[in-house]
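2 protein chains.
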Amino acid sequence: MHAPSTTKPVILTGDRTTGPLHLGHYVGSLKNRVTMQDTHRQFLLLADNQALADNAHDPEKVRRNVIEVALDYLAVGIDPEKTSICVQSGLPALCELTMLYMNFVSVARLERNPTIKDEIRARGFGRDIPAGFLCYPVAQAADITGFKASVVPVGEDQAPLIEQTNEIARRINNQIGRAVLIEAEAVIPKVGRLPGIDGKAKMSKSQGNALPLSAAPDEIKRAVHQMYTDPNHVRVSDPGSVEGNVVFTYLDAFDPDEDGVADLKARYRRGGLGDMAVKARLEVLLQDLLAPIRQRRAALARDPDFVFDVLRDGTRTARAITQATLEEVREGLGLFELGF
Amino acid sequence: MHAPSTTKPVILTGDRTTGPLHLGHYVGSLKNRVTMQDTHRQFLLLADNQALADNAHDPEKVRRNVIEVALDYLAVGIDPEKTSICVQSGLPALCELTMLYMNFVSVARLERNPTIKDEIRARGFGRDIPAGFLCYPVAQAADITGFKASVVPVGEDQAPLIEQTNEIARRINNQIGRAVLIEAEAVIPKVGRLPGIDGKAKMSKSQGNALPLSAAPDEIKRAVHQMYTDPNHVRVSDPGSVEGNVVFTYLDAFDPDEDGVADLKARYRRGGLGDMAVKARLEVLLQDLLAPIRQRRAALARDPDFVFDVLRDGTRTARAITQATLEEVREGLGLFELGF
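Just so you know, the sequences run in chain order A and B. Heads up: the first sequence at position 241 corresponds to 241 in UniProt numbering, and the numbers run straight through without jumps. Heads up: the second sequence at position 278 corresponds to 278 in UniProt numbering, and the numbers run straight through without jumps.
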C-alpha cells in the first residue's frame with residue numbers, strides 16, 4: 001500500500017479490543033494519532049491477545065470489538081494509507097518473542113511493576129492473577145520491540161511498562177552482543193484526560209459514564225443533559241463553580257473559542273448563567289464533532305470487505321516486520337534454525 | 001514420509017536440548033521409545049524453547065544440542081519412518097497456544113506445582129525465577145495438547161505436570177463447550193532409573209557421573225573401572241554387599257542372563273568374588289551395547305544433511321498438526337480470524 005519510510009520514527013500504539021472507543025479515547029489518543037500519522041511511521045495494534053488476559057471467559061466480546069475499534073479508527077480519520085492497522089493475534093512472531101523474553105525477566109520483577117500492581121488491584125484478581133496478566137508487560141515488550149518502535153505514547157501510569165520493555169531490550173542486546181532491539185521512548189501526550197459525564201476522573205464504558213464515538217444525536221443530547229455540573233448551583237442567579245464542573249471541562253477540551261469559554265466561566269462564577277445555556281453550547285459542539293464520525297463509521301460498517309482488507313493489509317505489513325525482528329533476535333542469540 | 005495412523009494412540013515425549021544423552025536416558029526412556037514407535041504414533045520433541053527457560057544465557061549450548069540429541073535418537077534406533085522427530089522452536093503454534101492458555105491459569109496455581117517447586121529449589125533460582133520457568137508447565141500443556149497426545153511417558157516426579165495439562169485442557173474445552181482438546185494419560189514407564197557411576201541416585205552430565213551414548217571404548221572402560229561398589233569389600237575374599245553396588249545395579253539393567261547375575265550376586269555376598277571380575281563382565285556388556293550406537297552416531301554425524309532432513313520432515317508434520325489444533329482452539333473460542 002505504501003512504501004515504509006525509513007526516515008520517519010516508528011510509533012506503535014493501539015487498543016485492547018474490549019469495547020468500542022468513546023470520547024475519552026478521542027481526546028486522550030485518537031486525535032493525537034491522526035496528527036502523528038503524518039510525521040511518523042505509525043502502527044495501530046488491535047490488541048486482541050492482550051484483551052484476553054482479563055477477558056478469557058468472554059472471547060466473543062474480544063473478537064467482536066476488533067472490528068468495532070477498527071471502525072472507530074477509520075471513522076476519526078486514521079488513514080490506512082499512512083497508518084498500518086494490524087491485529088495482534090495475526091502476528092505469531094509476537095508470541096514467539098514473548099516466550100523468548102520471558103526467560104530474561106524474573107517473576108519478582110514482574111510483580112514489582114507498579115502498573116501491574118494497580119491493575120491487579122483494580123480488577124480484583126487477588127491471588128488469582130492469570131499468568132497471562134502477570135506476563136502482559138513481557139508481551140507488550142514483544143509488541144514494541146517487534147515493531148522496532150522508537151516512540152510509544154502512553155498514559156502517565158504506564159511509563160513503568162516502557163521501562164520494563166527497555167530493560168528486556170537491553171538484556172537481549174547484551175546477550176546478543178549488539179543492539180538488535182531498539183529502546184523506546186515513552187511519550188506522554190500533552191492531552192487532557194476527559195472525565196466521565198458523571199464527573200468521575202475517567203470515562204469508561206464499564207462505569208456507564210462514557211459517550212461512544214458512534215453515539216446517536218439523542219444519546220449525545222441525553223449525555224450532555226445528564227452531565228455533572230455544580231450541585232450547589234441551584235438557581236440560575238446563584239454563583240457556580242467551574243472547577244470539577246464537567247460541562248466546563250468539556251468546553252475546555254472541545255470549544256475552539258477560548259475567549260468565549262473564559263467569558264462563560266466568569267459569568268457562571270458570578271451567577272446569572274444557567275447550566276442549560278452552557279450545556280446547549282456544549283451540545284452543539286459535540287453534535288458537530290461526532291456527526292461526521294458517526295456517519296463515516298456507519299458507512300464503513302456497511303462495507304465490511306473494505307475494513308477486512310484494511311486489517312489484512314496492515315497485518316500483512318506488520319507480519320513481515322515482526323517476523324524479521326524475530327529472525328534477527330533468534331539469529332543473534334544463535335538459536336537453532338531449520339531453514340524453512 | 002508416512003501416513004499418520006488414526007488408530008494408534010498418539011504419544012508425545014522428548015528432551016530438553018541441553019546436552020547429549022547418556023546411558024541413564026537409554027534405560028529411562030530411549031529403549032522404551034524404540035519399542036513404542038511400533039505401537040504408537042510417536043512424536044519426539046527436541047525442546048529447545050523449554051531448554052532456554054534455565055539456559056537463557058547460553059543459547060549456543062541449546063542450539064548445538066538439538067543436533068546432538070537428534071543424533072542420539074537416531075543412533076539408538078528411533079526410526080524417522082515411524083517417529084516424527086521435531087524441533088520445538090520450529091512450531092510457532094505452540095507459542096500461540098501457550099499464550100492463550102496462560103490466560104486460563106493463575107500464578108498461584110503455577111506456584112503450587114510441586115515439580116516446579118522442586119526444580120526452583122534444585123536450580124537455586126530463589127526469587128529470581130524467570131517468568132518462562134514459572135510458566136513452563138503451560139508451555140508443556142501446549143506441547144501435549146497441541147499434538148493431541150493421549151499418552152505422555154513421565155517420571156514419577158512429573159505427574160503434576162500432566163495434571164496441570166489436563167486442567168488447562170478441561171478449562172479450554174469448558175470455555176469452548178466441547179472437547180476440542182484431549183486429556184492425556186501420564187504413563188510412568190516400568191523402567192529403572194540408572195544411578196550415576198558414582199552411586200548417586202541420578203546419572204547426570206552436570207554431576208560428572210554419566211556415561212554418554214557416544215562414549216569411546218576407553219571412556220566406557222574407565223567409567224566401569226571407576227564405578228562405585230562396596231567400600232567395605234576390600235579383599236576378594238571379603239563378603240560384599242550387592243545393594244547400592246552400582247556394578248550390580250547395572251548388571252540388573254543390562255545383563256540378559258538373569259540366572260548368571262543371581263549366581264554372581266550370591267558369590268559376591270559370600271566372599272571370594274572380586275570387583276574386577278564383576279566389572280569385567282559389565283564392561284563387555286556395555287561395550288557390546290554402545291559400540292553399534294556409537295558407530296551409527298558417528299556415521300550419522302558425517303551426514304548432517306540427512307539429519308536436517310529428518311528434523312525438517314518431522315517438524316513439518318508436527319507443524320501441520322499443531323497449527324490445526326491452534327486453529328480449532330481459536331475457532332472454538334470464537335477468536336478473530338483474518339482468513340489468511
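Every residue gets a Cβ at the ideal spot worked out from N, C-alpha and C, and that includes glycine. Every value quoted in this text rests on a predicted model; they were computed, and no experiment measured them.
Along chain A, in chain order, which residues have C-beta atoms closer than 7 Å to that of residue i?
i: ASN103/B; result: LEU52, ALA53, ALA56, PRO130 and GLY132
i: LEU21/B; result: Those within 7 Å of LEU21/B in chain A number zero; the least Cβ separation is about 17 Å.
i: LEU251/B; result: Within 7 Å Cβ-Cβ: nothing; LEU251/B doesn't reach chain A, min ~38 Å.
i: SER89/B; result: LEU335 and PHE336
Run the CB neighbour count on residue i, radius 10 Å, all protein chains shown included, and call it buried at 16 or more, exposed below.
i: SER84/A; result: buried
i: PRO153/B; result: buried
i: GLU258/B; result: exposed
i: PHE340/A; result: exposed
i: MET276/B; result: exposed
i: ALA280/A; result: exposed
i: ASP15/A; result: buried
i: ASN49/B; result: buried
i: MET1/A; result: Confidence at MET1/A is low in this model, with a pLDDT of 46, below 50, so the placement of that residue should be treated as unreliable; the coordinate-derived value is given next. Exposed, by the Cβ-count rule.
i: LEU335/B; result: buried
i: HIS225/A; result: exposed
i: PRO256/B; result: exposed
i: LYS265/A; result: buried
i: VAL278/B; result: buried
i: SER237/A; result: exposed
In chain A, which residues lie with their C-beta within 8 Å of the C-beta of residue i?
i: ASP48/B; result: LEU335 and PHE336
i: LEU108/B; result: The residue you asked about is not Leu; residue 108/B is Ala in the sequence shown. Near ALA108/B (Cβ distances below 8 Å), the residues of chain A are ARG127, ASP128 and ILE129.
i: THR98/B; result: CYS95 and MET99
i: PRO92/B; result: PRO92, ALA93, CYS95 and GLU96
i: VAL66/B; result: PHE336
Alpha carbons only, please: which of the options is nearest the one belonging to residue i?
i: ARG170/B; options: TYR73/B, ASP313/B and ALA184/B; result: ALA184/B
i: ARG46/B; options: ASP72/B, SER241/B, GLN88/B and GLU219/B; result: In the sequence as presented, Arg is not what sits at residue 46/B; that position holds Leu. Comparing Cα-Cα distances from LEU46/B to each of ASP72/B, SER241/B, GLN88/B and GLU219/B, the minimum goes to GLN88/B.
i: ALA253/B; options: GLY28/B, LEU94/B, PHE147/B and LEU21/B; result: GLY28/B
i: LEU220/A; options: VAL180/A, LEU285/A and SER206/A; result: Checking the sequence shown, residue 220/A turns out to be Ile, not Leu. The shortest Cα separation from ILE220/A among VAL180/A, LEU285/A and SER206/A belongs to LEU285/A.
i: ILE321/A; options: ALA142/A, LEU290/A and ILE168/A; result: ALA142/A
i: ASN166/B; options: GLY177/B, ALA149/B and THR229/B; result: ALA149/B
i: ALA210/A; options: ASP198/A, PRO217/A and THR145/A; result: ASP198/A
i: LEU20/B; options: HIS40/B, LEU74/B, LEU12/B and GLN42/B; result: What sits at residue 20/B in the sequence shown is Pro, not Leu. It is LEU74/B.
i: ILE78/A; options: ALA93/A, ASP38/A and ASP54/A; result: ASP38/A
i: ARG302/A; options: HIS40/A, LEU71/A and ASP54/A; result: LEU71/A
i: PRO160/B; options: THR249/B, VAL242/B and VAL187/B; result: VAL187/B
i: GLY332/B; options: LEU100/B, LEU290/B and ILE11/B; result: LEU100/B
i: GLY124/B; options: ASP54/B, TYR228/B, LEU289/B and VAL329/B; result: ASP54/B
Name the chain B residues that come within less than 7 Å of residue i, Cβ to Cβ?
i: THR315/A; result: LEU338
i: VAL138/A; result: ALA131
How far does the alpha helix (DSSP H) with residue i in it extend, from its first residue to its last?
i: GLU68/A; result: 59–76
i: residue 343/A; result: The question about residue 343/A has no answer here: the residues shown for chain A are numbered 1 through 340.
i: LEU134/A; result: 131–134
i: ARG330/A; result: 304–333
i: THR229/A; result: Here THR229/A belongs to no alpha helix (DSSP H), and DSSP marks it neither H nor E.
i: GLY172/B; result: Here the sequence assigns Ile to residue 172/B, which means Gly is not the residue at that position. That run of the alpha helix (DSSP H) goes 159–176.
i: ILE293/B; result: 275–301
i: ARG193/A; result: It is not in any alpha helix (DSSP H) - ARG193/A carries neither H nor E in the DSSP assignment.
i: TYR250/B; result: 246–254
i: ARG267/A; result: 258–270
Give me the chain B residues within the contact set of residue i, using Cβ-Cβ distance strictly less than 9 Å, ordered along the chain.
i: residue 365/A; result: Residue 365/A cannot be examined here, being either before or after the span of chain A that is shown, 1 to 340.
Could you give the first and the last residue of the continuous beta strand (DSSP E) run that contains residue i?
i: GLU185/B; result: 185–187
i: GLN114/A; result: The amino acid occupying residue 114/A in the given sequence is Pro; Gln does not appear at that position. No beta strand (DSSP E) contains PRO114/A, which is instead part of the alpha helix (DSSP H) from 114–123.
i: ALA47/A; result: 41–47
i: PRO153/B; result: 151–153
i: ILE85/B; result: 83–87
Given that residue i touches chain A, what residues does it touch there, using C-beta distances under 9 Å?
i: GLN175/B; result: ALA56, HIS57 and PRO59
i: ARG63/B; result: LEU333, GLY334, LEU335, PHE336 and GLU337
What does residue i reach in chain B if we use C-beta pairs closer than 8 Å?
i: LEU311/A; result: LEU338
Three or more C-beta pairs below 8 Å linking the region 26–45 of chain B and the region 71–85 of chain A:
Taking 8 Å as the limit for Cβ pairs, the verdict is that the region 71–85 of chain A does not touch the region 26–45 of chain B.
With a threshold of 8 Å, are at least 3 pairs of Cβ atoms found where one atom belongs to the region 288–303 of chain B and the other to the region 42–59 of chain B?
Cβ pair count under 8 Å is below three, so no.
So does the region 266–277 of chain B actually touch the region 304–322 of chain B, counting three or more Cβ pairs closer than 8 Å?
The way I'd put it, the region 266–277 of chain B doesn't touch the region 304–322 of chain B; fewer than three beta-carbon pairs between them come closer than 8 Å.
Would the region 67–77 of chain B and the region 101–115 of chain B be scored as touching if the rule is three or more Cβ pairs under 8 Å?
The answer is no - the region 101–115 of chain B does not touch the region 67–77 of chain B, with fewer than three Cβ pairs under 8 Å.
Sufficient close CB pairs (3 or more, under 8 Å) joining the region 20–27 of chain A to the region 202–210 of chain A
Contact check between the region 20–27 of chain A and the region 202–210 of chain A: three or more CB pairs, one atom from each, fall below 8 Å, which counts as touching.
The region 112–124 of chain A touching the region 5–16 of chain B, judged by at least three CB pairs closer than 8 Å:
Judged by Cβ distances under 8 Å, the region 112–124 of chain A makes no contact with the region 5–16 of chain B, as fewer than three pairs qualify.
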